[in-house]
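Q:
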Amino acid sequence: MSRIDRPGDRAHTSTRHADDGTKWMDTVADLDDAGTDALLRGEASDAELTPLAHVVRRLRESVAAEALPPMSAALRAQIEAPLVVPLHARRVARRSLARAAVAAVAAAVALVGAGAAQNRLPSGLQDVVSSAVEIVGIEVPRSADRLTEDDDEVDGGSSDAPANDGEPGYEGTTPGGADPADPGTPGDKEPAVPATPPEGNGQSDPPGPPDSVPGNGVSPSGQENGGGSAGGNPAGKG
Amino acid sequence: MRTTSGELRARGVTRGRAGRPTQALVADVEAAQRGSVEAFERIYRELARPVASYLRWNGALDVESLTNEVMAQVHRNLHRFTGDASSFRSWVFTIAHHRMVDDRRATGRRPVIADMEVTETTSVGNAEDDALDALGHHRLRELLDGLSPDQRDVLLLRVVADLSLEDVAVALGKRRGAIKSLQHRALATLRRQLDREGPGA
Numbered sequence: 012m013s014r015i016d017r018p019g020d021r022a023h024t025s026t027r028h029a030d031d032g033t034k035w036m037d038t039v040a041d042l043d044d045a046g047t048d049a050l051l052r053g054e055a056s057d058a059e060l061t062p063l064a065h066v067v068r069r070l071r072e073s074v075a076a077e078a079l080p081p082m083s084a085a086l087r088a089q090i091e092a093p094l095v096v097p098l099h100a101r102r103v104a105r106r107s108l109a110r111a112a113v114a115a116v117a118a119a120v121a122l123v124g125a126g127a128a129q130n131r132l133p134s135g136l137q138d139v140v141s142s143a144v145e146i147v148g149i150e151v152p153r154s155a156d157r158l159t160e161d162d163d164e165v166d167g168g169s170s171d172a173p174a175n176d177g178e179p180g181y182e183g184t185t186p187g188g189a190d191p192a193d194p195g196t197p198g199d200k201e202p203a204v205p206a207t208p209p210e211g212n213g214q215s216d217p218p219g220p221p222d223s224v225p226g227n228g229v230s231p232s233g234q235e236n237g238g239g240s241a242g243g244n245p246a247g248k249g
Numbered sequence: 003m004r005t006t007s008g009e010l011r012a013r014g015v016t017r018g019r020a021g022r023p024t025q026a027l028v029a030d031v032e033a034a035q036r037g038s039v040e041a042f043e044r045i046y047r048e049l050a051r052p053v054a055s056y057l058r059w060n061g062a063l064d065v066e067s068l069t070n071e072v073m074a075q076v077h078r079n080l081h082r083f084t085g086d087a088s089s090f091r092s093w094v095f096t097i098a099h100h101r102m103v104d105d106r107r108a109t110g111r112r113p114v115i116a117d118m119e120v121t122e123t124t125s126v127g128n129a130e131d132d133a134l135d136a137l138g139h140h141r142l143r144e145l146l147d148g149l150s151p152d153q154r155d156v157l158l159l160r161v162v163a164d165l166s167l168e169d170v171a172v173a174l175g176k177r178r179g180a181i182k183s184l185q186h187r188a189l190a191t192l193r194r195q196l197d198r199e200g201p202g203a
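Chains A and B supply the protein sequences, listed in that same order.
What the first sequence shows, in this note's numbering, is residues 12 to 249, in sequence order.
What the second sequence shows, in this note's numbering, is residues 3 to 203, in sequence order.
1. Using the three-state DSSP reduction, which class does LYS182 (chain B) fall into: helix, strand or coil?
2. Tell me whether the beta-carbon of HIS99 (chain B) lies closer than 7 Å to the beta-carbon of ALA173 (chain B).
3. Quick one: what does DSSP say PHE83 (chain B) is sitting in, helix, strand or coil?
4. Quick one: list the residues of chain A neighbouring GLN185 (chain B), beta-carbon separation under 9 Å, in chain order.
5. Do LEU86 (chain A) and ALA188 (chain B) have their C-beta atoms within less than 7 Å of each other?
6. In chain order, what residues of the same chain have a beta carbon less than 7 Å from the beta carbon of ARG194 (chain B), not counting five sequence neighbours either side?
7. Taking the alpha carbon of THR96 (chain B) as the point to measure from, which residue in B:GLU66, B:VAL72, B:THR84 and B:ASP105 has its own alpha carbon closest?
8. Can you give me the Cβ contacts of ASP152 (chain B) inside the same chain, cut-off strictly under 6 Å, excluding the 5 residues immediately before and after it?
9. Could you list which residues in chain A have their beta carbon closer than 8 Å to that of SER55 (chain B), in chain order?
10. For the region 64 to 81 of chain B, which residues have a CB atom closer than 8 Å to at least one CB atom of chain A, in sequence order?
11. Can you name the start and end residues of the alpha helix (DSSP H) that ALA75 (chain A) belongs to?
12. Would ILE90 (chain A) pass as an interface residue toward chain B - the criterion being a Cβ-Cβ separation below 7 Å?
13. According to DSSP, simplified to helix, strand and coil, what is VAL162 (chain B)?
14. For chain B, check one thing: does any of its Cβ atoms lie closer than 7 Å to the Cβ of SER56 (chain A)?
15. Among B:ARG198, B:THR191 and B:LEU167, whose alpha-carbon lies nearest the alpha-carbon of ASP43 (chain A)?
16. In or out: GLN137 (chain A) buried (at least 16 other Cβ within 10 Å) or exposed?
17. Kindly say whether VAL52 (chain B), judged by its beta-carbon, lies nearer than 7 Å to any beta-carbon of chain A.
18. Applying the criterion that 16 or more other CB atoms from any shown protein chain within 10 Å of the CB defines a buried residue, is PRO80 (chain A) buried or exposed?
19. Determine the direct distance from the alpha carbon of VAL156 (chain B) to that of VAL170 (chain B), and round the result to whole angstroms.
20. How about SER83 (chain A) and ASN70 (chain B): are their beta carbons less than 7 Å apart?
21. Pick from B:LEU158, B:LEU63 and B:GLU32: whose alpha carbon is nearest that of SER73 (chain A)?
22. Indicate the three-state DSSP secondary structure (helix, strand or coil) for ASN130 (chain A) in the structure shown.
23. If you measure between the beta carbons of VAL162 (chain B) and TYR56 (chain B), is that distance less than 7 Å?
24. One question on the structure: do LEU132 (chain A) and GLY126 (chain A) come within less than 7 Å of each other, judged by their Cβ atoms?
25. Can you name the residues of chain A whose CB is closer than 8 Å to the CB of ARG91 (chain B)?
26. Straight-line CA distance for ALA62 (chain B) to ALA109 (chain A)?
27. Using a Cβ-Cβ cut-off of less than 9 Å, give me the residues of the region 158 to 171 of chain B that come near chain A, in sequence order.
28. Determine, for ARG154 (chain B), whether the minimum Cβ-Cβ distance to residues of chain A falls below 7 Å.
29. Does the beta carbon of ARG193 (chain B) sit closer than 7 Å to a beta carbon anywhere in chain A?
30. Would you mind working out which of B:ARG36, B:LEU49, B:VAL103 and B:SER67 sits nearest ALA92 (chain A), comparing C-alpha positions?
31. Output the distance between the C-alpha atoms of VAL31 (chain B) and ILE45 (chain B), rounded to the nearest integer angstrom.
32. Comparing alpha-carbon positions, which option in A:GLY148, A:LEU51, A:VAL144 and A:VAL139 lies nearest ARG71 (chain A)?
33. With hydrogens ignored, establish whether the beta-carbon of ALA26 (chain B) is closer than 6 Å to any heavy atom of the ligand COA.
34. Give me the Cβ distance between PHE90 (chain B) and LEU165 (chain B), rounded to the nearest whole Å; I'm assuming they're in contact under 8 Å.
35. Is GLY46 (chain A) helix, strand or coil when you go by DSSP?
Written as structure tokens, this is what we have:
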């Protein structure tokens with residue numbers, strides 16, 4: 012029963028409407044969810060709702076009477092095309108693949124760039140990268156620079172720069188680097204190294220050392236190490 | 003706050019139109035998502051009729067073509083659908099409703115309900131019942147024309163599409179309370195018209 016008969020004002024209102032033929036207003040107003048659901052199925056729980064139930068029933072019958080629309084050729088072709096969903100999936104996969112490829116290339120460029128900046132790539136690759144980026148004005152050491160450093164180490168020269176590269180304590184060393192402990196060699200090609208400020212990481216160009224340190228600017232080693240890389244500072248290059 | 007399909011599923015709202023178990027529809031949807039043509043044909047046979055009826059009562063002119071467009075869109079987006087049978091019906095009628103609104107906007111016209119004679123049923127009741135049963139298509143159309151578009155949408159989705167209040171709320175993007183209120187006003191308006199003009203006026 013959908014009608015809620017309350018002893019209060021509802022009943023009073025219903026009585027009032029019963030006389031003027033509008034009792035259905037209360038009946039409709041009093042419909043609860045279950046009553047409404049029943050009415051919308053075409054079931055009248057109250058005589059006042061019978062006309063509405065008929066309308067609903069006729070509407071429902073109209074659905075049953077509706078002829079099934081024939082499937083169009085376009086729709087038929089669409090559902091019979093085997094790859095409608097896979098096509099979409101393929102598109103998504105292609106997009107993902109493209110994104111992954113871009114990310115991989117970016118990662119590779121970053122890795123090679125970092126390696127090249129630190130002169131840690133294999134010689135051939137280091138030279139190729141160095142030549143390539145030189146075109147756009149970026150200076151990257153060549154593998155030959157690294158050989159020179161190695162030679163320096165073999166010669167017992169100042170080995171502080173490569174050894175301390177990137178280490179936190181490096182900046183805490185004396186301006187002379189490790190030279191106080193390093194006897195060095197009088198004929199060392201790198202007397203200018205200690206004079207180079209330690210913070211030169213190959214990026215800065217200390218104004219003083221190349222000019223102020225005798226023998227640095229024109230020495231063969233200076234030419235080797237120079238190449239525009241921080242005034243021939245192997246420490247700076249890392 | 004609007005009712006979502008997820009909320010419906012959480013509430014365990016499952017209903018199906020009489021005659022076909024909801025599990026069968028769910029199975030067909032899943033099979034159609036995997037590319038089964040037969041499964042989609044069964045879905046078409048089950049839903050194209052109420053969709054066409056909904057479009058017709060809403061004044062669509064080329065009901066057949068529009069129904070095909072709705073079902074084509076259903077097929078195109080089928081892989082995105084997740085949910086139960088009730089949600090699926092709601093989803094299909096959401097598409098139908100939007101397609102109908104687009105069509106109406108594109109043609110820039112007021113809804114004109116296309117003619118379709120409803121099969122008369124055999125009457126078994128008294129004279130009043132016979133008169134009501136004789137309620138023809140034209141009278142039904144007049145009664146529906148007396149409703150506001152929102153009221154008509156709600157009533158048709160409840161009766162023709164057989165959606166629950168919650169499903170109608172999802173389909174129309176309104177709150178459940180708003181749908182309930184529109185539904186009540188639609189019934190009151192219909193009853194008032196019947197009271198004023200009689201069932202067969």
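Where a beta carbon is used, it is the ideal one built from N, C-alpha and C, also for glycine.
A: Let me spell this out:
1. helix
2. In this structure, HIS99 (chain B) places its C-beta atom within 7 Å of the C-beta atom of ALA173 (chain B).
3. coil
4. THR47 and LEU51
5. No.
6. Same-chain partners within the cutoff: there are none.
7. B:VAL72
8. Its chain contains LEU184 as the residues whose beta carbon lies nearer than 6 Å to that of ASP152 (chain B), once the 5 sequence neighbours on both sides are disregarded; these appear in chain order.
9. What SER55 (chain B) touches in chain A: SER73, VAL74 and GLU77.
10. VAL65, GLU66, SER67, THR69, ASN70, MET73, ALA74, HIS77, ARG78, LEU80 and HIS81
11. Here the alpha helix (DSSP H) through ALA75 (chain A) covers 61 to 76.
12. Answer yes: the Cβ-Cβ gap between ILE90 (chain A) and chain B drops below 7 Å somewhere.
13. coil
14. no
15. Of the candidates B:ARG198, B:THR191 and B:LEU167, the one whose C-alpha sits nearest the C-alpha of ASP43 (chain A) is B:LEU167.
16. buried
17. According to the sequence provided, residue 52 (chain B) is Pro. The question's Val does not apply to it. Closer than 7 Å: yes.
18. Buried.
19. So the alpha carbons of these two residues sit roughly 7 Å apart.
20. Yes, the Cβ-Cβ distance between SER83 (chain A) and ASN70 (chain B) is below 7 Å.
21. B:LEU158
22. coil
23. yes
24. yes
25. Going along chain A, no residue has its Cβ under 8 Å from ARG91 (chain B), so there is no contact; the nearest lies around 13 Å.
26. 44 Å
27. LEU158, ARG160, VAL161, VAL162, ALA163, ASP164, SER166 and LEU167
28. no
29. yes
30. When B:ARG36, B:LEU49, B:VAL103 and B:SER67 are compared, the shortest CA-CA separation from ALA92 (chain A) is found for B:ARG36.
31. 7 Å
32. A:LEU51
33. The ligand COA is not part of this structure, which contains no ligands at all.
34. Incorrect: roughly 11 Å between the Cβ atoms, too far for contact.
35. helix
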